[in-house]
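Going by our numbering, the letters in the sequence shown line up with residues 676 to 770, in that order. For each residue, glycine too, the CB sits at the ideal point set by N, CA and C.
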Amino acid sequence: MKHGGKRPGAGRPAGSQNADTAAMRAALSGLLEGQVAVAIAALADIAQNGTSESARVSAACAILDRTHGRPRAAPNAAPLHGKPPGAFDLVIGNW
Numbered sequence: 676m677k678h679g680g681k682r683p684g685a686g687r688p689a690g691s692q693n694a695d696t697a698a699m700r701a702a703l704s705g706l707l708e709g710q711v712a713v714a715i716a717a718l719a720d721i722a723q724n725g726t727s728e729s730a731r732v733s734a735a736c737a738i739l740d741r742t743h744g745r746p747r748a749a750p751n752a753a754p755l756h757g758k759p760p761g762a763f764d765l766v767i768g769n770w
């Protein structure tokens, strides 16, 4: 009998959710139901009237993350024009 290593059929099936996490999210969702609009309004106020640029940018990013979801990383992202990962070009176009 083999010991150790990956065994077929072992572990939680792919795509299944942790029951504890799902239950906790459901409970928190019920508790925070009325507070979400207040939090988004506070972030919007900071994004528009914040005293520092970094506070305004952080609030705007938080609003976008919560309303549109966080962007996912591309699994096979290739460097642009032979530049290493993390290098980028600043492109300013017509908004």
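Between residue i and residue j, is the Cβ-Cβ spacing less than 8 Å?
i, j, result
"arginine 731", "isoleucine 721", "yes"
"alanine 734", "glycine 744", "no"
For residue i and residue j, what's the separation of their Cα atoms in angstroms?
i, j, result
"glycine 680", "arginine 747", "31 Å"
"threonine 742", "valine 711", "11 Å"
"proline 688", "histidine 678", "21 Å"
"alanine 795", "serine 729", "An answer regarding residue 795 cannot be provided, because it is not within the stretch 676 to 770 covered by the chain."
"glutamine 692", "glutamine 723", "38 Å"
"alanine 736", "glycine 686", "Residue identity check: residue 736 is cysteine in the sequence provided, not alanine. Cysteine 736 and glycine 686: Cα-Cα distance of roughly 37 Å."
"alanine 701", "alanine 716", "23 Å"
"alanine 694", "serine 704", "15 Å"
Run the CB neighbour count on residue i, radius 10 Å, all protein chains shown included, and call it buried at 16 or more, exposed below.
i, result
"leucine 718", "buried"
Can you name, in chain order, every residue of its own chain whose Cβ lies under 7 Å from the Cβ of residue i, other than the five neighbours on each side?
i, result
"proline 683", "none"
"aspartate 740", "none"
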